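Engineer: Sharing a structure with you now.
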Amino acid sequence: MSTATQIRCLLFLLSVLALSVHAQYGEYGGNGGIARPSTTLTRSPLATISAWRAGASGEAGEYGSNVVVSSHSATVAHVVCGALATMFFLPAGVLLARSRMPFWFPVHAVWQFLLSLGFVCAAFGIAWAHFSGGLDSPHRRAATALFTLVIAQALLGVCAHFLGRRMTHLKTRTGRSALHFFHWFLGFVVIGLGWAVAYLGLSSEWEKRGHGHVSGGWKAGWGVVLGIWITLYVIGLGFLPLQIKKERERVAPRAQGPEMAETGETAAMVGPAPEPGYPKMSYETRSSF
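In structure tokens form, the structure reads like this:
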């Protein structure tokens, strides 16, 4: 199965996961968006926070008719954008860098900048605009750190591509500079933090905001997706030697310059260019004089 087919299959599975999350919210009551008293997953995060601030116990039926919930679509959009960003787009972008495509870099750059960064910013912006409570949970603090590091990673990638070529110290034979390796290391940190943010959202944030207990199936699904990405990346490491070889072949002519297109052994066989006024002779003939 090719990498593109695997990515399409994962996208389909995540779409089914997003639809399942949407289905478990249920319907909101009429009354202008008033939350239906319940202890199931239909309870709104803002309704729970408002009840806490009012001194209520948070049990069913104690919200009152003046508690207005947050937008249903905003909550679902935050979950879907966050899940796609952390569990699909970010790790898929890293996997693209390990592919055998000769044009992997522009695909990797566009994918990470438009999709990964875009969906992370969308999830963060929705939460900032619609959810109150500040950074009062591990999920929110980790998500804020992820938002910051994703932006830093994008800027570092741009600097590594445009400025890394000018760095002569700590440069490898493939043309990579220290910025490239730092970008590579920070990418793994971002991926791991994104997975942690998704898990914290399932294990603690969901119940903390009054949506009810999360079944073990959701956590098992998180672990399955995590295992798939780790397996695919380990397989992608098998293409790394070929990628390094191609990068060395691409960098070598630029390092030698146009005058050194031939190797030193070939130049020794050909010999120096004939001086003006002398007939063209081979190197062996001229060396006999």
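Quick note on numbering: the sequence shown equals residues -23 to -1, 1 to 266 in mature numbering (1 follows the signal peptide of the UniProt record, and there is no 0). Every residue gets a Cβ at the ideal spot worked out from N, C-alpha and C, and that includes glycine. All values derive from a computational prediction rather than experimental measurement.
Looking only at C-alpha atoms, which of L179, H116, F108, V211 sits nearest to G198?
Structural biologist: In the sequence shown, counting from the first residue as 1, residue 198 sits at position 221. With distances taken between Cα atoms, G198 lies closest to L179.
Engineer: Using three-state DSSP, classify F108 as helix, strand or coil.
Structural biologist: Stepping through the sequence shown from its first residue, residue 108 is reached at position 131. Reduced to three states, the DSSP call for F108 is coil.
Engineer: Taking L94 as the reference, which of F158, L132, G187, F216 has the closest Cα?
Structural biologist: Here the question's residue 94 lines up with position 117 in the sequence shown. The shortest Cα separation from L94 among F158, L132, G187, F216 belongs to L132.
Engineer: Please state the DSSP three-state secondary structure of Q1.
Structural biologist: For the purposes of this step, residue 1 is taken as residue 24 along the sequence shown, with counting starting at 1. In this predicted model, Q1 has a pLDDT of only 48, less than 50, meaning its place in the structure is not dependable enough to derive any value.
Engineer: Quick one, are the C-beta atoms of C58 and A100 less than 8 Å apart?
Structural biologist: For the purposes of this step, residue 58 is identified with residue 81 of the sequence shown, where counting begins at 1. For the purposes of this step, residue 100 is identified with residue 123 of the sequence shown, where counting begins at 1. Contact flag set, yes.
Engineer: Which stretch, first to last residue, makes up the alpha helix (DSSP H) that contains F82?
Structural biologist: The residue given as residue 82 occupies position 105 in the sequence shown. Counting along the chain, the alpha helix (DSSP H) containing F82 begins and ends at 81 to 87.
Engineer: Given this structure, state the Cα-to-Cα distance separating F165 from A155, to the nearest angstrom.
Structural biologist: Reading the sequence shown from its first residue, position 188 is the one you call residue 165. Reading the sequence shown from its first residue, position 178 is the one you call residue 155. Computed Cα separation, rounded: 16 Å.
Engineer: Between T63 and G171, how many whole angstroms is the CB-CB distance? I'm expecting something under 8 Å.
Structural biologist: Taking the first residue of the sequence shown as position 1, residue 63 is located at position 86. Taking the first residue of the sequence shown as position 1, residue 171 is located at position 194. Their Cβ separation, rounded to whole angstroms, is 4 Å, which keeps T63 and G171 in contact under 8 Å.
Engineer: So is F124 buried or exposed if we call it buried at 16+ other beta carbons inside 10 Å?
Structural biologist: The sequence position of residue 124 within the sequence shown is 147, counting from 1. Result: buried.
Engineer: One question on the structure: do residue 275 and I168 come within less than 8 Å of each other, judged by their Cβ atoms?
Structural biologist: The structure shown does not extend to residue 275, since the chain is modelled only from -23 to 266, so the question has no answer here.
Engineer: Answer yes or no: do L61 and F96 have a C-beta to C-beta separation smaller than 8 Å?
Structural biologist: As a position in the sequence shown, residue 61 is number 84, starting the count at 1. As a position in the sequence shown, residue 96 is number 119, starting the count at 1. Closer than 8 Å, so yes.
Engineer: Please report whether the beta-carbon of I168 lies at a distance below 8 Å from any beta-carbon of chain B.
Structural biologist: Of the protein chains in this structure there is only one, and it is not chain B.
Engineer: Taking three-plus beta-carbon pairs below 8 Å as touching, is the region 199 to 219 in contact with the region 111 to 125?
Structural biologist: The answer is no - the region 111 to 125 does not touch the region 199 to 219, with fewer than three Cβ pairs under 8 Å.
Engineer: Sorted by chain position, which residues of the same chain lie with C-beta nearer than 6 Å to G134's C-beta, five sequence neighbours on each side aside?
Structural biologist: Reading the sequence shown from its first residue, position 157 is the one you call residue 134. Hits under 6 Å: H160.
Engineer: Where does H190 sit, in a helix, a strand or coil, going by DSSP?
Structural biologist: Position 213 of the sequence shown holds residue 190. If DSSP states are grouped into helix, strand and coil, H190 belongs with coil.
Engineer: Measuring straight from C-alpha to C-alpha, what distance separates E182 and R118?
Structural biologist: Along the sequence shown, read from residue 1 onward, the residue named residue 182 stands at position 205. Along the sequence shown, read from residue 1 onward, the residue named residue 118 stands at position 141. Going by the C-alpha atoms only, they are around 11 Å apart.
Engineer: Is it the case that the Cβ atoms of G213 and S114 are separated by a distance below 8 Å?
Structural biologist: Position 236 of the sequence shown, counted from the first residue, corresponds to residue 213. Position 137 of the sequence shown, counted from the first residue, corresponds to residue 114. No, they are not a contact pair.
Engineer: How big is the Cα-Cα spacing for F139 and H157?
Structural biologist: Here residue 139 is taken as the residue at index 162 of the sequence shown, counted from 1. Here residue 157 is taken as the residue at index 180 of the sequence shown, counted from 1. Roughly 11 Å between the two C-alpha positions.
Engineer: Quick check: L177 and Q130, are their CB atoms within less than 8 Å of each other?
Structural biologist: What you label residue 177 is simply residue 200 of the sequence shown in a count that begins at 1. What you label residue 130 is simply residue 153 of the sequence shown in a count that begins at 1. Going by C-beta atoms, L177 is not nearer than 8 Å to Q130.
Engineer: May I ask you to report which of helix, strand or coil DSSP gives A74?
Structural biologist: Indexing the sequence shown from 1 puts residue 74 at position 97. Three-state DSSP puts A74 in coil, outside helix and strand.
Engineer: Can you tell which of Q89, F80, A120 has its C-alpha closest to the C-alpha of I103?
Structural biologist: Residue mapping note: residue 103 aligns to position 126 of the sequence shown, counting from 1. Comparing Cα-Cα distances from I103 to each of Q89, F80, A120, the minimum goes to A120.
Engineer: Below 7 Å CB to CB, which residues in the same chain sit around W206 once its five sequence neighbours on both sides are set aside?
Structural biologist: Counting from 1 along the sequence shown, the entry for residue 206 is found at position 229. These residues qualify, in order along the chain: P68.
Engineer: Among V211, V56, L219, which has the Cα closest to the Cα of H116?
Structural biologist: Against the sequence shown, residue 116 aligns to sequence position 139. When each option's Cα is compared against that of H116, the closest is V56.
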